[in-house]
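Q: Submitted below is the structure of interest, expressed as structure tokens.
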Amino acid sequence: MTASDSVLVDSARRSNVERVVNLRLSTVHGDFLAFGYQDHKRGDEQIALVYGDVKGEDALTRVHSECLTGDAFGSRHCECGDQLSAALRAIVNEGRGILVYLRGHEGRGIGLLAKLQAMQLQAEGLDTVEANLALGLPDDARDYQVAAEMLHDLEVRSIRLLSNNPRKREALLRHGIKISEQVPLLIEPCEENLPYLLTKRERMDHYLPHLDGVLTSVDGGAERS
Numbered sequence: 367m368t369a370s371d372s373v374l375v376d377s378a379r380r381s382n383v384e385r386v387v388n389l390r391l392s393t394v395h396g397d398f399l400a401f402g403y404q405d406h407k408r409g410d411e412q413i414a415l416v417y418g419d420v421k422g423e424d425a426l427t428r429v430h431s432e433c434l435t436g437d438a439f440g441s442r443h444c445e446c447g448d449q450l451s452a453a454l455r456a457i458v459n460e461g462r463g464i465l466v467y468l469r470g471h472e473g474r475g476i477g478l479l480a481k482l483q484a485m486q487l488q489a490e491g492l493d494t495v496e497a498n499l500a501l502g503l504p505d506d507a508r509d510y511q512v513a514a515e516m517l518h519d520l521e522v523r524s525i526r527l528l529s530n531n532p533r534k535r536e537a538l539l540r541h542g543i544k545i546s547e548q549v550p551l552l553i554e555p556c557e558e559n560l561p562y563l564l565t566k567r568e569r570m571d572h573y574l575p576h577l578d579g580v581l582t583s584v585d586g587g588a589e590r591s
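All you need for our numbering is the position in the sequence shown, starting with 1, plus 366.
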């Protein structure tokens, strides 16, 4: 048994996640296998969409945090809904991959009502980090253990992570997920979500190089740091 095999066996033994159901799910992007899980630690119901044969190495994988306002209602305050659709398209185009959709991650883990309160504060001039802190909440309360356990259950040995977020990569590595590559998932910004994206880049170290051209245009050629 190799060292990585030992990690997988140990993670499976300690898992708080139970696979409850799997079925074929037809979507506008393609036909996926949907795996439903019960998280016995937090009580959340979770889902992973799988396209093609993902066992083994280098499955293109998006670990997507629940965002009701963006994913369901198409809010232009963030880019979450566009990222979700783009990730599913990329997985289908790749021919194999996984989308782990994490419930309980609303508002970077602070919950729906607190997120709406934070958005109200942002309308008054605070950025997303300042708004969370003003509510007495962390800037990012998300935990990725359940995502790692779902990936272990799917017999994934390494992934190519679709994400701009270094914290997500570091968290998955801590939970025993081998990441062979981090693949950017860049969405064209709009006027409404530009401040949100700038805060991600400048205060949370997200990789968003495509904002440079937008800022040059907005600032008449003066680049903002």
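Backbone N, C-alpha and C define an ideal beta-carbon position, used for all residues, glycine too.
Predicted, not measured: the structure shown is a model, and the values here were computed from it.
Going straight from the alpha carbon of Asp-585 to that of Ile-553, what length do you get?
A: Residue confidence is low: Asp-585 scores 43 on pLDDT, short of 50, so the model does not pin down where it sits. No coordinate-derived value is stated.
Q: Short of 8 angstroms in beta carbon distance, which residues of its chain neighbour Leu-440, apart from the five on each side in sequence? Order them along the chain.
A: Rather than Leu, the amino acid found at residue 440 in this sequence is Gly. Once the five neighbours on either side are set aside, the close Cβ partners of Gly-440 are Gly-447.
Q: Going by beta carbon distance, what residues of the same chain come within less than 7 angstroms of Leu-503, once the five residues before and after it are set aside?
A: Closer than 7 angstroms at Cβ, skipping near neighbours: Ile-476 and Ala-480.
Q: Do you know offhand how far Val-420's Cα is from Ala-453's?
A: Cα to Cα, the separation comes out at about 15 angstroms.
Q: Have a look at Arg-523, Arg-567 and Leu-468 and flag the residue whose alpha-carbon is nearest the alpha-carbon of Lys-544.
A: Cα-wise, what sits closest to Lys-544 is Arg-523.
Q: Rounding to the nearest angstrom, what Cα-Cα distance links Gly-418 and Arg-455 in this structure?
A: Taking the straight line joining both Cα atoms gives about 13 angstroms.
Q: Can you give me the C-alpha to C-alpha distance between Val-580 and Met-516, rounded to a whole angstrom?
A: Going from the Cα of Val-580 to the Cα of Met-516 covers about 37 angstroms.
Q: If we ignore side chains and look at the alpha-carbon of each, how far apart do Ala-500 and Arg-540 end up?
A: Distance between the alpha carbons of Ala-500 and Arg-540: 29 angstroms.
Q: DSSP three-state label for Glu-472, please.
A: If DSSP states are grouped into helix, strand and coil, Glu-472 belongs with the helices.
Q: So within the segment 382–436, which uninterrupted beta strand (DSSP E) runs reach at least 3 residues, ignoring any that extend past its ends?
A: Counting only runs of 3 or more, we get 383–392, 397–405, 411–417 and 425–431.
Q: Figure out for me which residue from Leu-520, Val-386, Pro-532 and Val-416 has the closest Cα to the Cα of Leu-399.
A: Leu-399 has its Cα closest to that of Val-416, out of Leu-520, Val-386, Pro-532 and Val-416.
Q: Which same chain residues, not among the five before or five after Val-458, have their C-beta less than 7 angstroms away from its C-beta?
A: Within the same chain, Val-458 has close Cβ partners His-395, Gly-396 and Tyr-417.
Q: Let's test the definition: count the other Cβ atoms within 10 Å of the Cβ of Asp-578 and tell me whether it reaches 16, buried, or not, exposed.
A: By the 10 Å Cβ count, Asp-578 comes out exposed.
Q: Give the secondary structure of Gly-440 by DSSP, where H, G and I count as helix, E and B as strand, and everything else as coil.
A: Note: Gly-440 maps to coil in three-state DSSP.
Q: Between the segment 489–499 and the segment 561–580, are three or more C-beta pairs nearer than 8 angstroms?
A: The segment 489–499, when compared against the segment 561–580, does touch it at the 8 angstroms Cβ threshold.
Q: Given Gln-483, which residues of its chain have a CB within under 7 angstroms of its CB, disregarding the five upstream and five downstream residues?
A: The residues are Leu-501.
Q: Tell whether a beta-carbon distance below 8 angstroms holds between His-430 and Leu-478.
A: Not in contact: His-430 and Leu-478 (Cβ atoms no closer than 8 angstroms).
Q: Consult DSSP for Ile-457 and reduce its assignment to one of helix, strand or coil.
A: In the structure shown, Ile-457 sits in a helix (DSSP, three-state: H, G or I).
Q: In the structure shown, what three-state DSSP assignment does Leu-465 receive?
A: In the structure shown, Leu-465 sits in a strand (DSSP, three-state: E or B).
Q: Counting only the same chain and skipping the five closest in sequence on each side, list residues whose C-beta sits under 8 angstroms from that of Glu-607.
A: The chain is shown from 367 up to 591; residue 607 falls before or after that span and cannot be answered.
Q: How about Ile-464 and Ala-514: are their beta carbons less than 8 angstroms apart?
A: Cβ atoms of Ile-464 and Ala-514: not closer than 8 angstroms.
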